[in-house]
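Chains as they are written, first to last, in the numbering used here: chain A, 1 to 342; chain B, 1 to 180; chain C, 1 to 198; chain D, 1 to 196.
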């Protein structure tokens, strides 16, 4: 009875020793010095390996960050929280870690009701195939064809096709990887910083007359938006309005002015400035800088914002040194202005 | 150094522990397993030697022969294992034989991995009973004196050939008509 | 509450067979008859639970470099213990599942859960997860084996269901049938839960 | 002797392919077969581990287990211990030699340990008590059979990307169905070589 146990223990122990020793030897000889920070960064990254950062998967990005080749906030999917974690790992302070989160947006409103159709298409149901034949079935060569190539390629399923034949992007789910923008043969989808709510939903560079002939929601280059914009953030070149996302302050004046409704915004109403009485010391800085003179009040007295005139551009909040102004939209509590770089 | 030492020690301790646990459980279960195996063997031997009630194991040259005895202890026949190479793998069978009359008394398939529904039919009584009473001189060739299962000729020939080869070896030890 | 989530996780939304698609080798091989499926499921649940507990207890002691050999020894020890005891006390059951007990050692579920979960959490959560995974595995392979037995042999748990006229599709017992039934079931599961499996 | 070796190798590549007719090795088979180079890489690594396992299993069986009669209960544990250590060794070698290949495998490298083919080969050797050369032949044959299966599957799966596969069947479901058809084809090989 006992000898079986002894032999078994001895043989297993011997085997364990032999193999353990072999592995120890091998791990010493074949030791590969991996930077411990790389594993920590991989841990912090979302791990979707979507390639949006341009590196081969998260491990590729982690190596680049560890070697200092890539900034801490490269990962668009992770956004600020991930960037802060990586910054801690890399020993930098978090200030520069804040990133602009980008989301995909549809720059075309030519759905089944708005855009005319020039041919009936019965071929392979993918936008790529359809766009090869005479620029797609729609009369407007820039219009979205609507077979959902973007929907198929989206790794997180953020895109669904509306009944009007246009893709709808769920901005919470969207991780800004840009795969849909690459996939779309008509470049209807583009990656736009999330904080920019206003966008021109048309890219047709044909003459106004032709655009109006093919689509009721196209940009007819009437330049109304250009005239009304207080911040010189929108220009019509090549017959279509273009927004400079650095300058645009989401004041939505152009959205109201645009006759064909081509310029759209994520939210129905604009933000409004509200002065917090306790903090306001009446330095009148906001009143001086307000482009539409919506703020009134004497020096050293608490000022007031006229809610009807205010266009929600946020300059007053930026200028106010006492942080006494907050932007309010009826739905959200307080949202910071779009371009305030502290 | 300690990191490597720790590796070796932990691995060794775990393997020793597992060796001990396994040896212990082997000790506990081994008698039961031997008992089970013996019982199964006896069942199949008694099945292929009709009328036998007890079994005796006899070692003859390199073959193990099982003697089938009835209640009074006189010999009813002998049985031995045979192996054939079937369609999907080895087929193991138990062959019952009465050397004095030179006739087979029974065949049972112990283990096989033939395709279910086709080759697996060799396990059924319909196929194995045809061997009862066949004499040693028969040729044991499928489709001639052994009725093969349709669609499973390879398995049937494997069984027939296995019986034939094992019978030839046994005949060298127990000549036909001789005592056993 | 966390325990309950771990438990349910293994049964449904991370079902080893249909969602994570691991541990398929035994699932396809042993599911020719329904009672095989249940027996195999029970054996695996036992081995999975015991090894998960022990591995999560030892998790801080085992150095990273030798973690896989250590985990696998623990799993192998439990499997052999199950193998020996089943051979001794349940011979008829052992008859059916002989070759598949040793293959529990290499069943990917056990090592995958040990590597991914048990070695990171405490023993209590590891048990909940192991039980969940084990039961998830059991109902999955029982479902597969019921379909294959019904179509392959016209019986269910050994009772004749299909009438005499039914000629069994022996293909269902053989490997091709197993793969195809598995494929269709995974497809169905995707349809039901509408979550594409990466 | 050469005839038997030939039978063993051809047997385990075509007739009794470990993936298609014995259901073994499915986890890596499903996981790694989406790209051909990783599939071939995995096949080669597994063949290497298989051949070394065959040799190791032969020596352990005949020089450690059998002489002391520890066979019935220590067989599984000692085999799997050797396999795991071999895989750990291969993991270190690949990490050192080509990190890109190492990343491509990812989780599937440690999963070679649980690859049922490796364990099945180790168990088959004492069962048919092969001698050393036959064991190596079995290891090699199993490895080549596995690589063949992986290569076939990865070729098909790369074309499947462009096929219009229904939404629900995408991913593992269609792979299983294709594997089912492939194993149907391999069924045709049975009986090609008599199996001892």
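For glycine and all other residues, C-beta sits at the position ideal for the given N, C-alpha and C.
- Any Cβ of chain B closer than 7 angstroms to the Cβ of residue 48(D) would place that residue at the interface, and such an atom is absent.
- A distance below 6 angstroms between beta-carbons, with the five flanking residues on each side excluded, links residue 46(B) to the following residues of its chain, in chain order: 52.
- Residue 68(B) has 55(B) and 77(B) as its beta-bridge partners, per DSSP.
- Contact annotation: in the stretch 51–69 of chain C, residues whose CB is within less than 8 angstroms of a CB in chain A are 65, 66 and 69.
- If you draw a straight line from the Cα of residue 25(C) to the Cα of residue 144(D), it is about 19 angstroms long.
- In terms of beta-carbon proximity, residue 27(A) lines the interface with chain C, with at least one pair separated by less than 7 angstroms.
- For residue 106(B), the enclosing beta strand (DSSP E) stretches over residues 103–111.
- Per DSSP, reduced to three states, the secondary structure at residue 151(C) is helical.
- Checking the DSSP bridge columns, you'll see residue 98(B) partnered with 103(B).
- Residue 134(C) and residue 185(C) have their alpha carbons spaced roughly 19 angstroms apart.
- Between residue 48(C) and residue 110(C) the beta-carbon gap is near 5 angstroms, inside 8 angstroms, which marks them as a contact.
- Burial state of residue 37(C) is buried, judged by a 10 Å Cβ sphere holding 16 or more other Cβ atoms.
- The beta carbon of residue 63(A) lies closer than 6 angstroms to those of 38 in the same chain, with the five residues before and after it left out.
- In terms of beta-carbon proximity, residue 5(A) lines the interface with chain B, with at least one pair separated by less than 7 angstroms.
- Residue pairing by DSSP places residue 327(A) opposite 273(A) in a beta bridge.
- Residue 257(A) and residue 176(D) have their alpha carbons spaced roughly 58 angstroms apart.
- Ranking 112(D), 76(D) and 51(D) by CA distance to the CA of residue 91(D) puts 112(D) first.
- Any Cβ of chain C closer than 7 angstroms to the Cβ of residue 21(B) would place that residue at the interface, and such an atom is present.
- Per DSSP, residue 124(A) is not a residue of any beta strand (DSSP E), being assigned neither H nor E.
- With 16 or more other Cβ atoms from the protein chains shown falling within 10 Å of its own Cβ, residue 303(A) counts as buried.
- Sequence-distant Cβ neighbours of residue 284(A) in its own chain, meaning closer than 6 angstroms and more than five residues away, are 299.
- At a cut-off of 7 angstroms between beta-carbon atoms, residue 191(C) makes contact with chain D.
- Ranking 77(B), 133(B) and 96(B) by CA distance to the CA of residue 69(B) puts 77(B) first.
- For residue 237(A), the secondary structure class from DSSP, reduced to helix, strand or coil, is strand.
- At a cut-off of 7 angstroms between beta-carbon atoms, residue 49(C) makes no contact with chain B.
- In this structure residue 152(B) touches residue 121(B) by the C-beta definition: roughly 6 angstroms separates them, less than 8 angstroms.
- Classified as buried, residue 79(C) has 16 or more neighbouring CB atoms from the shown chains inside 10 Å of its CB.
- Here residue 17(A) carries a helix assignment [DSSP, helix/strand/coil].
- For the 7 angstroms CB-CB criterion, residue 324(A) and residue 288(A) do not form a contact.
- With a cutoff of 7 angstroms on beta-carbon distance, residue 180(A) and residue 189(A) are scored as near each other.
- DSSP, read as helix, strand or coil, puts residue 135(B) in strand.
- Here the C-alpha atom of residue 121(C) lies approximately 22 angstroms from the C-alpha atom of residue 7(B).
- Cβ contact annotation for residue 157(C) (same chain, cutoff 7 angstroms, sequence separation greater than five): 34 and 35, in chain order.
- DSSP places residue 160(A) in no alpha helix (DSSP H) but in the uninterrupted beta strand (DSSP E) bounded by 159–161.
- For residue 139(C), the closest of 3(C), 5(C), 15(C) and 6(C) by C-alpha to C-alpha distance is 15(C).
- For residue 145(C) and residue 181(C), the gap between their C-alpha atoms comes out near 10 angstroms.
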